[in-house]
Every structure is written in C-alpha cells, then in structure tokens.
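One structure is given below, encoded as structure tokens.
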Amino acid sequence: MASSCTPCRRASRPPPRARSATPTWRCWHRTAAWVGEHGAAFREDPLLERALESSVSRFRHLCHPARHAGDPDGYAQEQALLVAERSLSLTPCEDGGYVLGGKLDAVGGATLRTALEPLARRAGRDDDRAKPRRLADALVELAEHALDTGRIPSTASQRAHLQVTAAFETLLGKSGAPAAELEFSLPISARTVARLACDCNLTRVLLDADSAVIDVGRSKRVVSGSTRRALNVRDRHCAWPGCDRPANWTAAHHLRHWTRGGRTDLSNLVLLCHRHHWMVHEGGWQLLKDDEGRLLTIRPPIPLDRWSYRGRQHLLLDAG
Ligand SMILES: [Zn+2]
Ligand SMILES: [Zn+2]
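Note that our numbering numbers the sequence shown so that position 263 is 1357, with each residue one more than the last.
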C-alpha cells in the first residue's frame, strides 16, 4: 500500500531493509528530502520496493522520476541550473597538446555521448585503441567533419576551417624545412601537412625576402568536385580493409602524394576515414595497391607505443 510521509520524519527512520545498502539509503533519503523541500508529498513504497531489487546506480536513476512526480517545476529549474553551470576548458600544454576539463548537464552530456559513441566504435580488426582514446578520436573527428561540411557558422563570410601556412619545402617534405603554422596550435609536422594537403583548398602566397606578401594566387581545390563525386560512388566508404565509415566522413587520400608526382585521379585516390588517414600519414602504416587493385596494409616496424623519447634515442645510437 502506498503511503505519504514528510521527509524529515523518514530521514530519521530509514527503512529497515535498506539500512544494509547504505548508498541506496542515502539516495532514498536525498530524494525524500528533496521532494519534501519542494512542498510535495513523497510516495515511498513504490521506490522502496525498487531499492531492494536494484543496483545503486539503477536506483539512483529511478529516484529521478520520483523527484519529477513530486515537483515537476522544481525538477525543471534544477536542470536549467545545471545548463547554466556548463563549462569546458581547453588548456594548452607545453608539448602543444590540450587538457580538457569541464562539466555538462544531463541532456548536454547525453547529446555529446550520443554523437560520440557511434564514432568511437572499433574500426576494423586492427583497432586496439582503448575506449578513452576512441572517444577522444571521435571528438576530433566530429569537429573535423563539422568544419569539412561547413556546418560551423562563418565569420565575416569566411568559412571556419583549419588554415595551415607551410613553406613549399615543408609541403614537399624536404629535410631541413621548417614546421608549418596552424592557428591555436604549436607548429605542426610535414607529415600532418601532407595529410591535410591530400584533400584541401590550396592558396599560393609569395613572400619577398622580408616576408612581405607580394602575390596571392587563387584558391584551388586539390580534388575537384567531380573527381570526388566519382570517388564517392566507387569506394562508397573508407577503403581501409574492414572499415565502413561512410564516404561523407572521409578524405580523398593520394596513394602517391601529389607533392611527389602522384596524380589526382581515381587510379591514385582512395577514400580514408579520419583515423585511417592519420594512420597512413602520421601513424607509420603503409597502404599499397596490388596488381589486382586490392589495398594492402603494412604495420609500422616499430609500434606507436614504443615511439618514446628513449626509443628515439636508442634508434639514434643504433644509427651512429
Ligand atoms: Zn592522404
Ligand atoms: Zn577507416
């Protein structure tokens, strides 16, 4: 039989069977107190029955409908406050990375999680990334996709996008070339420039000896719209064996880079998702086409988790 009670009276008299489950009791008590504070009657019996058969986390979840039933307006106000308390910090580190911190309300967190979870699934048999790494990759991929598809509001008619400034020598991957400049980032490597240059808009800027701009060429798409459409029809999704990321979530990758004489036509292009494109350019993997047109992947000789500073020192010593 359902009964009503004031939270204060119940707070001093926990239900006997719930005493052994302390976190559950604390949750029950907080819910009773919250409903009481908002001047509503608390129907305890339905919740107590669930307390005996639910895990703590499940019971915590079940308390929220009781709160809402007790005071819908108070519940909405509490959620509105949590939205007002949203925060996100992106703190740059010495090594150029960023540390993320912050807090989201329930709906904001669920929205982000709903968007990230499908992108954070394992991509093929070789994908041995742990869940935190996959979620972080998914967040970057989500941002990159929003920029690529022009979903971010433009500023002064300028579409928001990554803008890289690189010397011609850097683009060609020549030794001794300087690192490239990217807004909000430390200078980036020639390998990253090569990945971004695979499928981008390119603008030639000529500088004089004092670094003053003397000529700016017209912006040119490396992979034309018609070539890209044909590539989408042929590959349909990321071409990496076992990966099914759809075409509109991929970049056109040059098997032989155009800076090294590779042609920008279908025979030299394949679609690659964010992760696999990164693996080919910066992760040390090789992607080759055999005589029958099948793609072969070759692992890096040294796994990425052994690319430590000590590892590099060791390699240098070996080379000497
Ligand atoms: Zn590429
Ligand atoms: Zn892929």
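Every residue, glycine too, gets a C-beta built ideally from N, C-alpha and C.
If you compare alpha carbons, which of the options is closest to residue i?
{"i": "G1311", "options": "S1305, G1319, L1301, S1320", "result": "L1301"}
{"i": "E1277", "options": "E1386, G1355, L1256, A1145", "result": "L1256"}
{"i": "A1217", "options": "E1263, R1369, W1352", "result": "R1369"}
{"i": "H1348", "options": "A1200, C1294, R1330, A1240", "result": "C1294"}
{"i": "S1183", "options": "V1177, L1194, G1190", "result": "L1194"}
{"i": "I1490", "options": "G1203, R1228, D1189, R1323", "result": "Since the displayed the chain opens at 1095 and closes at 1414, residue 1490 lies outside it and no answer follows."}
{"i": "A1200", "options": "D1221, Y1169, D1222, S1269", "result": "Y1169"}
{"i": "L1390", "options": "S1361, T1243, L1381, L1156", "result": "L1381"}
{"i": "E1238", "options": "W1343, D1385, C1121", "result": "W1343"}
{"i": "D1167", "options": "R1180, W1128, D1231, L1280", "result": "W1128"}
{"i": "T1116", "options": "E1131, G1387, S1151", "result": "S1151"}
Tell me the DSSP secondary structure of residue i in three-state form.
{"i": "H1347", "result": "strand"}
{"i": "T1243", "result": "coil"}
{"i": "G1195", "result": "strand"}
{"i": "D1309", "result": "strand"}
{"i": "P1159", "result": "helix"}
{"i": "Q1173", "result": "helix"}
{"i": "T1358", "result": "coil"}
{"i": "R1104", "result": "Here the model assigns R1104 a pLDDT of 43, short of 50, so the residue's position is not dependable and the matter cannot be decided."}
{"i": "H1371", "result": "helix"}
{"i": "P1281", "result": "coil"}
{"i": "V1316", "result": "coil"}
{"i": "S1183", "result": "strand"}
{"i": "G1123", "result": "Rather than Gly, the amino acid found at residue 1123 in this sequence is His. The answer is helix: DSSP assigns H1123 an H, G or I state."}
Given the structure, does residue i come close to ligand 1, in the sense that its CB is under 8 Å from one of the ligand's heavy atoms?
{"i": "V1201", "result": "no"}
{"i": "V1374", "result": "yes"}
{"i": "D1329", "result": "no"}
{"i": "D1242", "result": "no"}
{"i": "A1059", "result": "Because the chain in this structure spans residues 1095 to 1414, residue 1059 falls outside the shown range and cannot be described."}
When you compare the CB of residue i with every CB in chain C, is at least one pair closer than 9 Å?
{"i": "G1218", "result": "In the structure shown, chain C cannot be found, because there is only a single protein chain."}
Handout entry: Under 5 Å, CB to nearest heavy atom of ligand 2: contacting residues
Key = With the cut-off at 5 Å, the residues found are C1332, W1334, C1337, R1339, C1367, H1370.
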